[in-house]
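**Student:** Residue numbers for the sequence shown follow our numbering, beginning at 1 and rising by one.
All C-beta atoms, glycine included, are put in the ideal place defined by N, C-alpha and C.
All values reported here derive from a predicted model rather than from experimental measurement.
Sharing a structure below in structure tokens format, with a few things to ask.
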Amino acid sequence: MDTTNRDVLKRSKEIKDAYFQFLDTHVPDVISGKAPDFMEINQIAAQLYISHKHLTDTIQKETGHHPCYFYDLKIIESAKKMLLETDRSTSEIARLLTYDPSNFSKFFKKFVGLTPGQFRKEQQK
């Protein structure tokens, strides 16, 4: 492999890692109220000093998935944690995640296969 290909691969990994690090900070910031809302992918790309297309293409190439997929998974992971570790209502968790409660249930079920309430009940058995 020549140096150019190695540099491209290294840069792709740096972009992927930076994106995941950004999500690891950004999602908790939204939940805690430090950030008012979830950023769009183009806004995240700007924060990472790259174009929206470059971010999307790089994440897609590195992982096989669109950046939104991982963004959604991070939100779901946070929701699951709150459902299991707090006594917050599903509606309250939805609002913390900037979702309308009914839309949140649909979103959660699409990824988990259960509604948030069903998930909580299943895990408490």
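Using a Cβ distance threshold of 8 Å, determine whether the segment 93 to 111 contacts the segment 42 to 56, with at least three qualifying pairs required.
**Tutor:** Counting Cβ pairs under 8 Å, fewer than three are found: no touch.
**Student:** Which value, in whole angstroms, describes the spacing of the CA atoms of N103 and G64?
**Tutor:** So the two alpha carbons sit approximately 27 Å from each other.
**Student:** How close, in whole Å, do the beta carbons of L48 and Y71 come, if the pair is a contact with beta carbons under 8 Å?
**Tutor:** L48 to Y71, Cβ: 13 Å. No contact.
**Student:** Secondary structure at F107, three-state DSSP: helix, strand or coil?
**Tutor:** Looking at F107 - three-state DSSP - the assignment turns out to be helix.
**Student:** Along the chain, where does the alpha helix (DSSP H) that runs through D72 open and close?
**Tutor:** Per DSSP, D72 belongs to the alpha helix (DSSP H) from 67 to 85.
**Student:** Report the three-state DSSP secondary structure of S89 (helix, strand or coil).
**Tutor:** Of the three classes helix, strand and coil, the one that applies to S89 here is coil, per DSSP.
**Student:** The alpha helix (DSSP H) that contains D57, what's its start and end?
**Tutor:** Element bounds for D57: 52 to 63.
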